[in-house]
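Peer 1: Got a structure for you, written out below as C-alpha cells; questions coming shortly.
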DNA sequence: ACCTAAACGAGACGGTACGTCATGTCTTTTT
DNA sequence: AAAAAGACATGACGTACCGTCTCGTTTAGGT
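Chains as they are written, first to last, in the numbering used here: chain A, 7 to 209; chain B, 7 to 209; chain C, 7 to 209; chain D, 7 to 209.
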C-alpha cells in the first residue's frame, strides 16, 4: 500500500548504532548542537550517512537518543518521612544535572529543539522529564496522605511550583543556580501547600 | 588601522530596515524560525543580502529585532491595593501573550535560540522579560511594605516562584495554559509569602 | 586457496536470468542506458542485486547480453550473382536495424560504452558486427573470383568502404539514413572496386 | 515571467573558467571520462561546485568545452591541384588526431556521450567535425569544377565515403589506423568519383 | 527421500557523488 | 557611502546507487 517502507530493525547493526551515538555525544561536546552535522557524525563513527538517515528522522531525535544513552537510570526519590528533606534531594539532583557541563549543553540543545518540534518534545519530556516529575508527584501524594500537604492540592500543579522556578532560572540565566536556591524554593512551596493548621500549629 | 569598519548608522536606509523586519515577521510566520533564511528575507524585502549582514550579526538578533518591533509597550502593572488581584492581572497578561499564535512561534524560536547564544539571551531577557519581572517585583515590594508579604522574602525568588511554573508548563507543554492556572499559582505563591500571622489569623 | 570462487553455472536459475534480461530491455527503453541502474533492474526483475553481480561483471556486459537475447539470427546474405543487388540487401538490412527504434537506443548505448571499455568492445564487435562484416566479405570474395571486383583489392578495406559511410551518418546524424543512401554507397564502392576494364568496357 | 533565471555572463569569473577547463582536461587524462566527477573537478580547480553547475548544463558540455579549448585552429586544407595528394593530407591529419593519445580519450568519450545526448551531439559535430568535413567538401568542389570528379556526384556523400571508413575502423578497432590505410581509402574513393573518361583516359 | 551446499530474495552497510541550498564575502553598478 | 544585485568558495544537505556483506529460504544435485 502507501505505507512508507520501514527498515528491518532485526538486521540493524548494533555496532554502528553504538558508534553513532558515541560520535554524537563527542561532537556535541566539541562543537555544540547547532554546528553538529550529520556528515561529521557519520565520518567520526565510520558509518555511511544513510545509516543515520535510515534510523533517525531528525538531528534532534538523534541527539535525544544519544543523550538518553548517556544518562543512567534516574536516582530514585527517597522517602525518609521528612517531605522537605526528600524534596530537597530531588531538586538538588535536578539542579546538579542541569549545571553539570557534560549535560548542560545537550540539555539546552534539546530544550531548544523541542520548542520547534512538538513530536520531539513529547519524546523528550516523556523520557527525561516525566519520570522525575512523576516520582516527585508520588512523594507528594504520600505527604498528602500523611497530612503534610493540604487535601485539596492539585499535585500536578504542586510539582510545577517546585520545578518551574528552577528551570526558569536555568533557562533565563537570571541568577546562579545554587543548592541554596533549590532549598528555598522547596521551603516556600511546602509552606504554600501546608494544610490549614489548628491554632498554634504553624511553626 | 586594525579597527573593524563600522557602518555609518546615519546613512542607514530606514526604508530597507522596515522592509527587512516586515519580511522577517512574515517569514517566521510562514516557515518558522529554523527554515527562515537570510537569503529569503533579502529577496522578500527587495534588499541586498549585504544590507542585512551589515546591520545584524546573527539570525537570532535579526529575529529579536523584528519581534521587538512587533510588540507594543508592555501593559503597566496596576496597583489596586489587592496584591492577589494585581498579580493575577500580570500573570494572565503574560499567559495570553505566550498563547497568542502571533507571538508564540517567534517566542519559542527566540527562547530556543537563547539557549545556544548567551549574548542574544541577555538582549532577549533584558528587552522582553526583565521589564515584566521588574514591574512584578516592584508590586511585591509595595505588598511587602504593606505587610502582605513577609519581611524576609527575597523578592527575586518570589518573582521566579510566580513566573517559573507558567513558563514550565509553556515550555514542556505538559498541560494547557489557562487563566485558572495562573490564578492558582498566584494564590499558592502568596500563601507561601504571607507573613507568619498571629494565632488565629491563618485561614 | 587463492582461487576466485566461480559460481556454479549448473545451479543457475534460468528463471532469474530471463527476468533480469527482460527487465534490462524494458529499463533501457524507458530511461535509457545512462540512467539504468542495477538496483532498478533487480527490483523490477524481483531478484537480489547479488544475483546480477554474480553473473555479469559490468552494466555494459549486462546490456550487451540483454541486447543479444533481443536480436534474432542475422539474416543470411543472398547470392543472386548480381553483387550490387546482393550488397544493397545487406546494407539496407543493416540500416533498417540501426533505425529501428527498438534497437537504436541500445545500439547507441553499446556503441558508446564500447568506446570506454575495450573488453566489452571486443565482445560487442564479435557478437554483433563481425558476422555481418564477414558475410559481406565472403560475398565480395565470390565477386572477386567472378571478376566483378579487382584482384588486388583488400576485402577488409572493401567492407569498411561499404559500412563506414553508413555508420558515419548514423553516429553523427549529419543526414537521414535512407535506403537510397545505402544504394548510392554500394554503387560508388563497387565502381571503385571494379577491375580495370578493357578499353570501352567502362561506362 | 516563468523564465529560468540565467546567470549574468558579464560578471563571470574568467579565472574560474580557465581553472575549470584546465582541471577537466587533466582529470580526463588521469581517470577517464566516466570516472571524472564534477566534485573532483571543482576541488582541483579550487572552485565551488555551483560555479560549474551555473555555467555548464552537463558533464558532456563541460568536457566538450574543455576539449575545444585544448584544440587549436584546424589546419587549413591545401590545394596543390592534385586532389589525391590534398585529400591524403586531410585524412592523415584526421587520423593522426584520432590516434594522438592526448586527444583519443576525450574524443572517444565525447563520441560516446553524443550517442546519448543529441543536443551535445549537434554542438560536437558543429564544432569539431563540420569544419573538417566542409573543408574537404570545398576541396572536392574545386576538383569537380576541374573535371577530376564526376559532375553528378553528391559531395556530401563523397565526404562520407572518405571519412566513414576511417571512423569505422577507429570506433570498432577492427584494425590499426595507419596512414597507408588513409591513402588507400582516398585512392578508392577518388576512383569511384572519377568522371567516366574517354577511352584510354583511365589508368 | 534426505542432506547439504549452492544460489537466491532481501536488504543493511560503508562509501562516493549527486545536484541543491544557504552561508558569509566580494565586486560591480546604481542611487 | 550605502544599497541592490548577484557571482563566488565553502560546506552541509538528503538522495541515489555502488558493490559487498550478511541473513534466512529455496532448490538442486549427490547420496
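The beta carbon of each residue, even a glycine, is placed where N, CA and C say it ideally should be.
Please read these numbers as outputs of a predicted model, since none were measured by experiment.
Given that a residue counts as buried once 16 or more other Cβ atoms are within 10 Å of its Cβ, and exposed if not, what is residue 138(A)?
Peer 2: So residue 138(A) ends up on the buried side.
Peer 1: Closer than 7 Å by beta-carbon distance: list the chain D residues that pair up with residue 171(C), in chain order.
Peer 2: Simply 166, 167 and 170.
Peer 1: Just checking, does the region 95-104 of chain C make contact with the region 187-194 of chain C on the three C-beta pairs under 8 Å criterion?
Peer 2: The region 95-104 of chain C vs the region 187-194 of chain C: in contact.
Peer 1: Around the C-beta of residue 112(D), are 16 or more other C-beta atoms found within 10 angstroms, so that it is buried, or is it exposed?
Peer 2: Result: buried.
Peer 1: Listed from N- to C-terminal order along the chain, which residues in the region 35-47 of chain C have their beta-carbon within a distance smaller than 7 Å of any beta-carbon of chain D?
Peer 2: Flagged, chain order: 38, 39 and 40.
Peer 1: Tell me which residues share the same chain as residue 25(B) and place their Cβ nearer than 7 Å to its Cβ, disregarding the 5 neighbours each side in the sequence.
Peer 2: Once the five neighbours on either side are set aside, the close Cβ partners of residue 25(B) are 51, 52 and 53.
Peer 1: Give the single residue among 165(A), 166(A), 156(A) and 40(A) whose Cα lies nearest to the Cα of residue 64(A).
Peer 2: Here the closest residue by C-alpha is 40(A).
Peer 1: Roughly how many whole angstroms lie between the Cα atoms of residue 21(D) and residue 131(C)?
Peer 2: Straight-line Cα distance between these residues: approximately 44 Å.
Peer 1: Whole alpha helix (DSSP H) runs in the region 141-187 of chain D with 4 or more residues, listed along the chain?
Peer 2: With a minimum length of 4 residues, the continuous alpha helix (DSSP H) runs that stay inside the region 141-187 of chain D are 161-178.
Peer 1: Between the alpha carbons of residue 178(C) and residue 121(D), how many angstroms are there, rounded?
Peer 2: Whole-angstrom Cα-Cα distance: 8 Å.
Peer 1: Counting Cβ pairs closer than 8 Å, one from the region 65-72 of chain D and one from the region 27-47 of chain D, do we hit at least three?
Peer 2: A contact exists between the region 65-72 of chain D and the region 27-47 of chain D.
Peer 1: How would you write the range of the alpha helix (DSSP H) that residue 32(B) sits in, first residue to last?
Peer 2: Note, residue 32(B): alpha helix (DSSP H), 20-37.
Peer 1: How about the region 159-167 of chain B and the region 147-160 of chain A: do they share at least three Cβ pairs that are nearer than 8 Å?
Peer 2: At 8 Å Cβ cutoff, the stretches do not touch.
Peer 1: Between residue 193(D) and the rest of its own chain, which residues show a CB-CB distance below 6 Å, the 5 nearest in sequence each way excluded?
Peer 2: For residue 193(D), where only same-chain residues beyond five positions count, there are no Cβ hits under 6 Å.
Peer 1: Give me the Cα-Cα distance between residue 226(A) and residue 170(A), rounded to the nearest whole angstrom.
Peer 2: Residue 226(A) is absent from the structure shown; chain A starts at 7 and stops at 209.
Peer 1: Quick check: residue 118(D) and residue 118(C), are their CB atoms within less than 8 Å of each other?
Peer 2: Cβ distance < 8 Å, so residue 118(D) and residue 118(C) count as in contact.
Peer 1: Tell me which residues share the same chain as residue 55(C) and place their Cβ nearer than 7 Å to its Cβ, disregarding the 5 neighbours each side in the sequence.
Peer 2: Correct list, in chain order: 44, 45 and 48.
Peer 1: Tell me which residues share the same chain as residue 82(D) and place their Cβ nearer than 8 Å to its Cβ, disregarding the 5 neighbours each side in the sequence.
Peer 2: Same-chain partners within the cutoff: 141.
Peer 1: Residue 178(C) versus chain D: which residues are under 7 Å apart at the beta carbon?
Peer 2: Those within 7 Å of residue 178(C) in chain D are 131 and 135.
Peer 1: Output, in sequence order along the chain, the residues in the region 146-166 of chain D whose CB is closer than 7 Å to any CB in chain C.
Peer 2: The residues in question are 162, 163 and 166.
Peer 1: Could you give the distance in angstroms between the alpha-carbon of residue 110(D) and the alpha-carbon of residue 104(D)?
Peer 2: Using only the alpha carbons, I get a separation of about 5 Å.
Peer 1: Quick check: is the beta carbon of residue 33(D) nearer than 8 Å to any beta carbon in chain C?
Peer 2: Output row for residue 33(D): interface = no.
Peer 1: In the region 90-119 of chain D, which residues sit with their C-beta less than 8 Å from some C-beta in chain C, listed in chain order?
Peer 2: The region 90-119 of chain D vs chain C, Cβ under 8 Å: 114, 115, 117, 118 and 119.
Peer 1: With 16 other CB atoms within 10 Å as the buried threshold, where does residue 175(B) fall?
Peer 2: Residue 175(B) comes out buried.
Peer 1: When the Cα atoms are used, what is the spatial distance from residue 166(D) to residue 197(C)?
Peer 2: Roughly 16 Å between the two C-alpha positions.
Peer 1: Just checking: is the beta-carbon of residue 12(C) within a distance shorter than 8 Å of some beta-carbon in chain D?
Peer 2: Not one chain D Cβ lies under 8 Å of residue 12(C).
Peer 1: Please report the straight-line C-alpha distance between residue 173(C) and residue 58(A), rounded to a whole angstrom.
Peer 2: Those two C-alpha atoms are separated by around 50 Å.
Peer 1: Output the boundary residues of the alpha helix (DSSP H) element that contains residue 113(B).
Peer 2: Its alpha helix (DSSP H) spans residues 107-122.
Peer 1: Return no unless some Cβ of chain A is closer than 8 Å to the Cβ of residue 175(B).
Peer 2: Yes, residue 175(B) lies at the interface with chain A (some Cβ there is under 8 Å from its Cβ).
Peer 1: So, is residue 2(C) buried or exposed, given that buried needs 16 or more other C-beta atoms within 10 angstroms?
Peer 2: Lying outside 7 to 209, the shown extent of chain C, residue 2(C) is not represented and no answer is given.
Peer 1: If the cut is a Cβ gap below 8 Å, which residues of chain B does residue 190(A) touch?
Peer 2: By Cβ distance, chain B contributes 160 and 163.
Peer 1: Check each candidate in 91(C), 66(C), 23(C) and 16(C) and name the one with the smallest Cα separation from residue 125(C).
Peer 2: With distances taken between Cα atoms, residue 125(C) lies closest to 66(C).
Peer 1: Could you please tell me which residues of the region 55-67 of chain D, in chain order, have their CB closer than 7 Å to any CB of chain C?
Peer 2: Residues passing the 7 Å Cβ filter: none.
Peer 1: Using a beta-carbon distance below 8 Å, is residue 195(C) in contact with chain D?
Peer 2: Residue 195(C) counts as touching chain D.
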